[in-house]
Amino acid sequence: MRKGVWVLAAVLVSFLLISPAWGESSDSVDLQALKEQLNELNKLIQSQQQQIQNQEKKLQDQEQKLQDQEWKLRELEQLTEEPVPYEDMDAIVEKVKAELPPPQDGLTIGGGKIRVTPYGFIRLDAAYDDSAQFMFSGNVVGWAWPEDGKSMPFPFVSADGVQNNADDDNNFSMTATATRLGLNFDGPEFAGGTIKGKIEVDFDELYQNGGDVVAHRIRMRHAYAELLYPTWSLLAGQSWDIIAPRIPNMLDCVVMWGSGNVGYRRPQLRLTKWWDVDGTKITGQASLNHTDRTLSDDFDKDLMLNGVESGWPMVEGRMGVDKQFDSGRKLSLGLSGLIAEEETDFSGPGENDDLDVWLVALDGSLGVVPGLVTVQGEIWTGENIDNVYGGIVQGFVSKRNALGVIVDQEEIEAYGGFIHAMITPRQNLQFNFGYGLDDVDSDDLPANSRSQNWTIFGNTIWTVVPNFDVGLELAWHETKWVGNADGDDFRIQSAFIYKF
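Here's what the structure looks like:
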């Protein structure tokens, strides 16, 4: 019995000793689980708080939009209740115009039916020639005088009897007469069309016509109005000839007139018509023009110009085709011509004649490499075409008898043309190269007349800063004379141009 009591006591003591250890292990497990649950609850609370903040932000945005709409509604209600008086509309329009950004370039005057835009440039030319040449105001070369000094417009023998040879007569000139001013007129517009116009002048009037070496007179270049419709136009005034419209990009302002280029500006009435045939533009032009170019065209000295005296206008026409290919290349071709008549009517002894004027020309241009290389040119032939600077500015010749009386007059026949390439590696830099030839039938010419004149040139034009160009040009001019020595001239010309 006593043995059983001791066994029971031992079991009880063991149970009491082991029970705290079991309790401690269970409490530790429960505490860890509780911590994990608390962390999960914290994360959930933070997520809920972020969602609440987002919802509050959306509500604030919606409230702001509602407030903006309410303000707009109030403004509309005020406008409906209190309309702006009509007399205040002009002030409102002027205020809106004043707040508009200024144009990036140029200036337009007038906001009504007719808008006027001034344009032009201020230009200084400086040139050096190694031989004597026929030049006007210093920025152009017509031809080179014979090397032996004959046919020059000044004495070729000095006071001490020494011959003044043309090849020894180098010279330097400087002028600002190429400065140009113009006005473009736009409007008014009307149903189906509009009206445009232009007035343009420079200061290249010759000193023989009343100007001065440093104070030249104003010379009118363009003065016309043009009625424009989508497919046709009518121009009335002074502008470029229709024939042979290509012009080489030279610093020399004569642009190879008399050495391959023909055409000029004159009063005219011109009709132009356009057609679009499967993406190809076809242009037809016809015009009635004043024939004479200068006062020297009064050959018979009867105070009436020879072209005017004929009783007929100069008639010009051209058909042109313009095509742009998928590669970006542009091709332009044109066939043009003119016919006119001049009349001489001597009051004294002399043969009176009706002299024909005619010319046929082919012109074209091609974008060889779009945006980089463009080539253009003209070829032509005609008779008595000094009025368009052909025949080396020689129209007809007069044959005289032993008494000096004119017994016959014959038109001078000539042919020529030019080619010009322009390379533009950058938007502010270009290079130009060209060659032109004017060849006259020498059988038609008397002694000391020009039988051939050609020019070759190269230049570069650099836009240093916006609207300001600097150019440098090298050119070689060679002229053949009938019964006289040939002449040649090497020219270096520079130009400084501020464009606006």
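Residue numbering for the sequence shown is -23 to -1, 1 to 477, as defined by mature numbering (1 follows the signal peptide of the UniProt record, and there is no 0). We treat Cβ as the ideally placed atom computed from N, Cα and C, and that holds for glycine. Since the structure is predicted, the reported quantities are computational estimates derived from the model, not experimental observations.
Can you check which of these residues, the options, is closest to residue i by C-alpha distance?
i    : options                   : result
D107 : A472, Q470, D466 and F477 : D466
L246 : D229, R223, G235 and Q215 : Q215
V341 : D331, R295 and L332       : What sits at residue 341 in the sequence shown is Gly, not Val. The shortest C-alpha separation from G341 is found at R295.
A398 : G348, E360, G359 and A424 : G348
T260 : R100, V178, K250 and H267 : K250
L310 : D331, F167 and K258       : K258
V232 : Q23, N409 and K34         : N409
P165 : G284, E203 and S287       : E203
A213 : Q470, A263, G284 and K300 : A263
G305 : W289, L343, M281 and E319 : L343
V346 : E450, K35, Q27 and K307   : K307
D299 : V350, S471, W289 and V254 : V254
L422 : T401, E360, Q404 and E450 : E360
K90  : I469, F167, Y366 and Q14  : F167
L336 : E293, Q301, N378 and F302 : E293
R403 : N378, T208, T437 and G411 : T437
M197 : W217, L18 and T208        : W217
Assign residue i to one of three DSSP states: helix, strand, or coil.
i      : result
D303   : coil
R223   : coil
L11    : helix
S426   : coil
V232   : coil
V(-17) : Unreliable positioning characterises V(-17) in this predicted model, as indicated by a pLDDT of 49, which lies under 50. The coordinate reading is nonetheless provided below. Helix, per DSSP.
K90    : coil
V365   : helix
N283   : helix
A472   : strand
W289   : coil
Q245   : strand
I396   : strand
L380   : coil
W439   : strand
N19    : helix
W122   : coil
R194   : coil
I389   : coil
Q262   : strand
R100   : strand
S24    : helix
Report whether the distance from the Cβ of residue i to the nearest heavy atom of the ligand MG is below 7 Å.
i    : result
T257 : This structure lacks the ligand MG; in fact it carries no ligand of any kind.
Which residues in the same chain as residue i place their Cβ atom closer than 7 Å to its Cβ, once the five residues preceding and following it in sequence are excluded?
i    : result
V447 : W439, V441 and F473
A221 : V239, G240, S313, A338, D340, E355 and W357
K173 : F162, D163, E203 and L205
R223 : D340, S342, Q353, G354 and E355
Quick one: residues in its chain with C-beta nearer than 6 Å to the C-beta of residue i, no 5 flanking neighbours on either side, listed in chain order?
i    : result
G368 : I362, I389, A391 and V417
D463 : K457
N317 : Reading the sequence as shown, one finds Ala at residue 317 and not Asn. T268, M291 and V334, listed in sequence order.
V370 : G235 and D363
I99  : T156 and Y475
V117 : D229, C230 and V231
R270 : N364
L160 : V93, P95 and I176
G256 : none
Who are the near neighbours of residue i in its chain, counting only those whose CB is closer than 8 Å to its CB and skipping five residues on each side?
i    : result
Y63  : Summary for Y63: the model assigns pLDDT 44, below 50, so the residue's position carries little reliability, and this model does not support an answer.
W120 : Q110, F111, G235, S236, I369, R427, N430, H454, T456 and G464
I195 : V178, D179, F180 and E182
A424 : V459, G460 and N461
Q386 : T321, E328, D330, L332, F373, V374, S375 and K376
Under 8 Å by Cβ, that's how I've got residue i and residue j pegged, so tell me the actual separation to the nearest angstrom.
i           : j    : result
E355        : L339 : 7 Å
F162        : V93  : 6 Å
residue 478 : H199 : No answer is possible for residue 478: the residues shown for the chain start at -23 and end at 477.
L265        : L211 : With a Cβ gap of about 12 Å, L265 and L211 do not count as contacting.
F395        : P225 : 6 Å
G393        : D415 : 4 Å
Within 10 angstroms of its Cβ, does residue i collect 16 or more other Cβ (buried), or is it exposed?
i           : result
I219        : buried
Y201        : buried
F477        : exposed
N364        : buried
L406        : exposed
Y206        : exposed
A452        : buried
W122        : buried
residue 517 : Residue 517 lies beyond the stretch modelled for the chain, which goes from -23 to 477, so this question has no answer here.
residue 502 : No statement about residue 502 is possible, as the shown extent of the chain runs from -23 to 477 and does not include it.
G284        : buried
F434        : buried
N31         : exposed
S287        : buried
T351        : buried
Q39         : exposed
L15         : exposed
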